[in-house]
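Q:
Residue numbers (the numbering used here), protein chains in the order written: chain A, 177 to 489; chain B, 163 to 224.
1. Determine the direct distance from the alpha carbon of residue 219 of chain B to that of residue 328 of chain A, and round the result to whole angstroms.
2. The region 224 to 240 of chain A: which residues have C-beta closer than 7 Å to a C-beta of chain B, in chain order?
3. Cβ of residue 196 of chain B less than 8 Å from any chain A Cβ?
4. Output yes if chain B places a C-beta closer than 8 Å to the C-beta of residue 291 of chain A; else output no.
5. Note down, in chain order, each residue of its chain lying with its Cβ closer than 6 Å to the Cβ of residue 476 of chain A, except the 5 sequence neighbours on either side.
6. So, with DSSP's three-state summary, where would you put residue 195 of chain B?
7. Quick one: does residue 187 of chain B have its CB under 8 Å from some CB of chain A?
8. Among A:391, A:297, A:489 and A:267, which residue has its Cα nearest to the Cα of residue 335 of chain A?
9. For residue 192 of chain A, return the contacting residues in chain C, with the cut-off set at a CB-CB distance below 7 Å.
10. Within 10 angstroms of its Cβ, does residue 350 of chain A collect 16 or more other Cβ (buried), or is it exposed?
11. Looking at C-beta atoms only, is the number of pairs between the region 425 to 433 of chain A and the region 456 to 475 of chain A that lie closer than 8 Å three or more?
12. Would residue 208 of chain B pass as an interface residue toward chain A - the criterion being a Cβ-Cβ separation below 8 Å?
13. If the cut is a Cβ gap below 7 Å, which residues of chain A does residue 193 of chain B touch?
14. Is the region 349 to 369 of chain A touching the region 222 to 236 of chain A, taking contact as three or more C-beta pairs under 8 Å?
15. Are any of the Cβ atoms in chain A nearer than 8 Å to that of residue 200 of chain B?
16. May I ask which residues mark the beginning and end of the alpha helix (DSSP H) holding residue 215 of chain A?
17. By DSSP, does residue 457 of chain A sit in helix, in strand, or in coil?
18. State the Cα-Cα distance for the pair residue 435 of chain A and residue 441 of chain A, rounded to the nearest angstrom.
19. Mind checking which residues open and close the alpha helix (DSSP H) that includes residue 402 of chain A?
20. Closest Cβ-Cβ distance between residue 215 of chain B and chain A: below 8 Å?
21. So is residue 473 of chain A buried or exposed if we call it buried at 16+ other beta carbons inside 10 Å?
22. Along the chain, where does the alpha helix (DSSP H) containing residue 332 of chain A start, and where does it finish?
23. Closer than 8 Å is the cut-off here; do at least three beta carbon pairs connect the region 203 to 223 of chain A with the region 313 to 325 of chain A?
24. Which residue's Cα is closest to the Cα of residue 191 of chain A: A:437, A:385 and A:270?
25. Can you tell me where the alpha helix (DSSP H) holding residue 447 of chain A begins and where it ends?
26. Look up residue 363 of chain A in the DSSP assignment and say whether it is helix, strand or coil.
27. With a threshold of 6 Å on Cβ separation, who are the neighbours of residue 546 of chain A within its own chain once the five nearest residues in sequence on each side are excluded?
28. Would DSSP call residue 347 of chain A helix, strand or coil?
29. Give a single yes or no on whether residue 287 of chain A has its beta carbon closer than 7 Å to a heavy atom of the ligand ADP.
30. Do residue 248 of chain A and residue 279 of chain A have their CB atoms nearer than 8 Å?
31. Hey, residue 338 of chain A and residue 369 of chain A: beta-carbon distance below 8 Å or not?
32. Mind checking if residue 479 of chain A is an interface residue toward chain B, Cβ cutoff 8 Å exclusive?
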């Protein structure tokens, strides 16, 4: 009789490949891949397609590695929050040690490989992103301050800058603007989520704005950040990565986003509970479209530029 | 007496992990190979362009 026949329930070390892949937060990784790719393609310097592919892959691996390290550190609160209970560690398919080992190994691997594939600026930015997400956001800010999402959002905003750095080897106003769009978009996006995932963060003891300052204040914060985001997002249209297509998209998207934020701000909890947080859920869905469409518009301008049609020239 | 090999869920999980890891390693080797070729070709092109400039420098405009 082998050890296998004694116990066939999931044991530490016997997880499938999919469980390890789930540690890398594939959905977050898809956003990282998309924004990094747009940053790379919008840059004025052409990149060899193989180098571009490899670089985006290593950026994605680096993003995934930081996701694994986040799951290692947050395993205790992931067990409490409904939204995260099915993740491999809370579900008992993998141990914290597995996540730490995979995350740490892939972090080093991704940074070294990105350096070899592209340049030191891109690799340095990736290393800083992983450090920022794991140490600054996950270990420090997340459980300490209601501004966790605001400052921690920087980690998710770096990929387009890294993509740009892969092509140009540096940082410029355009890459900083792409960073700022994602950075300013993150708070309203997550606060809308926190409004309708009401008990999760409170139960886990995470000081989200909804828990520390109340839901009315959170609604006000969503509106303020949405209003601050609009001029940055629209202003990007007048840089080298923008153009008429981007401007049209940005004006429409920001008008919709501001309208949604005003509706959220005007509502109170009684109204929200009565319709099952419909407006907040819609705003959250719109925020995903908002970011995707902005970067798609930048990509469209870069694509049109190949035929001499992009930008304002 | 014959022994039939029973495949447990545990074996399936291990198999999926081994196949997955194998595919990742093969993919990585292939990627490094293709990346090396691309870098060497790019480097060669850059060197040739530099050499051509040294042999036939562009005339300075008046």
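Note that beta-carbon positions come from the ideal geometry of N, C-alpha and C, so glycine has one too.
A: Based on what the coordinates show:
1. The residue you call residue 328 of chain A lines up with position 152 of the first chain. The residue you call residue 219 of chain B lines up with position 57 of the second chain. Cα-Cα distance, rounded: 52 Å.
2. 224, 226, 227 and 230
3. Numbered from its first residue, the second chain carries residue 196 of chain B at position 34. So yes, residue 196 of chain B belongs to the interface.
4. Position 115 of the first chain, counted from the first residue, corresponds to residue 291 of chain A. Taking Cβ atoms only, chain B never reaches closer than 8 Å to residue 291 of chain A, which makes this a no.
5. By 1-based counting over the first chain, the position of residue 476 of chain A is 300. These residues qualify, in order along the chain: 421.
6. On the second chain, position 33 is the one that residue 195 of chain B refers to. In the structure shown, residue 195 of chain B sits in a helix (DSSP, three-state: H, G or I).
7. Here the question's residue 187 of chain B lines up with position 25 in the second chain. False, the Cβ-Cβ gap to chain A never drops below 8 Å.
8. Residue 335 of chain A sits at position 159 when you count from the first residue of the first chain. Considering only alpha carbons, the answer is A:297.
9. Judged by its chain identifiers, the structure shown contains no chain C, and its protein chains are A and B.
10. The residue you call residue 350 of chain A lines up with position 174 of the first chain. Classification of residue 350 of chain A: buried, given that the 10 Å Cβ count is 16 or more.
11. yes
12. Within the second chain, residue 208 of chain B is the residue found at index 46, counting from 1. Closer than 8 Å: no.
13. Looking up residue 193 of chain B in the second chain gives position 31. Chain A residues near residue 193 of chain B: 230.
14. no
15. Numbered from 1 along the second chain, position 38 holds the residue referred to as residue 200 of chain B. Taking Cβ atoms only, chain A reaches closer than 8 Å to residue 200 of chain B, which makes this a yes.
16. As a working mapping, residue 215 of chain A is identified with position 39 in the first chain. Residues 202 to 218.
17. Here residue 457 of chain A corresponds to residue number 281 of the first chain, with the count starting at 1. Residue state, collapsed to three classes: helix.
18. Working through the first chain from its first residue, we reach residue 435 of chain A at position 259. Working through the first chain from its first residue, we reach residue 441 of chain A at position 265. Taking the straight line joining both Cα atoms gives about 10 Å.
19. One-based indexing of the first chain puts residue 402 of chain A at position 226. It spans 391 to 411 - the alpha helix (DSSP H) in which residue 402 of chain A sits, taken as one unbroken run.
20. The count along the second chain starts at 1 and reaches residue 215 of chain B at position 53. With 8 Å as the cut-off, residue 215 of chain B does not count as an interface residue toward chain A.
21. For this step, residue 473 of chain A is matched to residue 297 along the first chain. With 16 or more other Cβ atoms within 10 Å, it is buried.
22. Counted from its first residue, the first chain places residue 332 of chain A at position 156. Element bounds for residue 332 of chain A: 324 to 344.
23. no
24. For this step, residue 191 of chain A is matched to residue 15 along the first chain. Ranking the options by Cα distance to residue 191 of chain A, first place goes to A:270.
25. Within the first chain, the letter at position 271 stands for residue 447 of chain A. Residue 447 of chain A -> alpha helix (DSSP H) spans 445 to 450.
26. Counted from its first residue, the first chain places residue 363 of chain A at position 187. Here residue 363 of chain A sits in helix by DSSP.
27. In the structure as shown, chain A begins at 177 and stops at 489. Residue 546 of chain A is therefore absent and cannot be evaluated.
28. The sequence position of residue 347 of chain A within the first chain is 171, counting from 1. Coil, per DSSP.
29. Judged by which ligands are present, the structure shown has none, so any question about the ligand ADP falls away.
30. Taking the first residue of the first chain as position 1, residue 248 of chain A is located at position 72. Taking the first residue of the first chain as position 1, residue 279 of chain A is located at position 103. Yes.
31. The residue you call residue 338 of chain A lines up with position 162 of the first chain. The residue you call residue 369 of chain A lines up with position 193 of the first chain. No.
32. Numbered from 1 along the first chain, position 303 holds the residue referred to as residue 479 of chain A. Residue 479 of chain A does not count as touching chain B.
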